[in-house]
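Visitor: Have a look at this one before I ask anything.
Numbering (this note's numbering), first residue to last: 1 to 187.
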């Protein structure tokens, strides 16, 4: 079984609180020797496990939209898997789903000020907005197959599941990063 070091909501919150004091977060493309060596070892049929992100931030169904929003902003991510207490994937939330939920909540009107309405909508549990039972791939799925699914269905990511457990996620950004690294070092 593939090993993952995923973090659940409570661990994420503790990390967020200790890290959010730093306003600037550097982003970059990792180009370590280890990554280049791994890319050179790819045979003609690379698998999802070779490109997926293993350290996945996952939340629980009862976590709030506010917490989801804070996590997405802090980690600069657009997709967050939702798991149960046993690390089984039960849903997926995207930044688009979050925006749609907030827009729907605001357009429905309601009593009170705009700030009050926004505040109320941020306390909604993410189970209300998540996509249930999302399409997944396994770690041994061919990268070409995962890319085809993402392209034809217009998915920004695919959760990676093994024996029912979330073990990673593969995103459009993973493909772009890989392509960039390949071009820089081998192109």
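Where a beta carbon is used, it is the ideal one built from N, C-alpha and C, also for glycine.
As a quick exercise: from 177, 178, 139 and 128, pick the residue whose alpha carbon is nearest that of residue 48.
Guide: In the chain shown, the residue the question calls residue 48 occupies position 48. The shortest Cα separation from residue 48 among 177, 178, 139 and 128 belongs to 139.
Visitor: Taking only the alpha-carbon atoms, compute the straight-line gap between residue 175 and residue 131 and give it to the nearest angstrom.
Guide: Taking the first residue of the chain shown as 1, we reach residue 175 at position 175. Taking the first residue of the chain shown as 1, we reach residue 131 at position 131. Using only the alpha carbons, I get a separation of about 23 Å.
Visitor: Is it buried or exposed, residue 97, if we count other Cβ atoms within 10 angstroms and call 16 or more buried?
Guide: Position 97 of the chain shown, counted from the start, is the residue given in the question as residue 97. That one is buried.
Visitor: Compare the C-alpha of residue 62 against each of 75, 177 and 123 and name the closest.
Guide: Against the chain shown, residue 62 aligns to sequence position 62. Comparing Cα positions, the closest option is 123.
Visitor: Once DSSP output is grouped into helix, strand and coil, what is the label at residue 142?
Guide: If you number the chain shown from 1, residue 142 lands on position 142. Residue state, collapsed to three classes: strand.
Visitor: Return the chain-ordered list of same chain residues with a C-beta closer than 8 Å to the C-beta of residue 85, the five sequence neighbours on each side being excluded.
Guide: Reading the chain shown from its first residue, position 85 is the one you call residue 85. Cβ within range, chain order: 60.
Visitor: Name the DSSP bridge partner or partners of residue 94?
Guide: Working through the chain shown from its first residue, we reach residue 94 at position 94. Beta-bridge pairing links residue 94 to 79.
Visitor: Using the Cα positions of residue 51 and residue 142, report the straight-line distance between them to the nearest angstrom.
Guide: On the chain shown, position 51 is the one that residue 51 refers to. On the chain shown, position 142 is the one that residue 142 refers to. Spanning the two alpha carbons is a distance of roughly 11 Å.
Visitor: If you count every other CB in all the chains shown that lies within 10 Å of the CB of residue 88, and 16 or more means buried, which is it?
Guide: Locating residue 88 in the chain shown gives position 88, counting from the first residue. So residue 88 counts as exposed.
Visitor: Out of 79, 69, 57 and 55, which one is the CA nearest neighbour of residue 171?
Guide: Translated into the one-based positions of the chain shown, residue 171 becomes position 171. For the residues 79, 69, 57 and 55, the minimum Cα distance to residue 171 belongs to 79.
Visitor: According to DSSP, what are the bridge partners of residue 132?
Guide: Here the question's residue 132 lines up with position 132 in the chain shown. Residue 132 pairs with 91.
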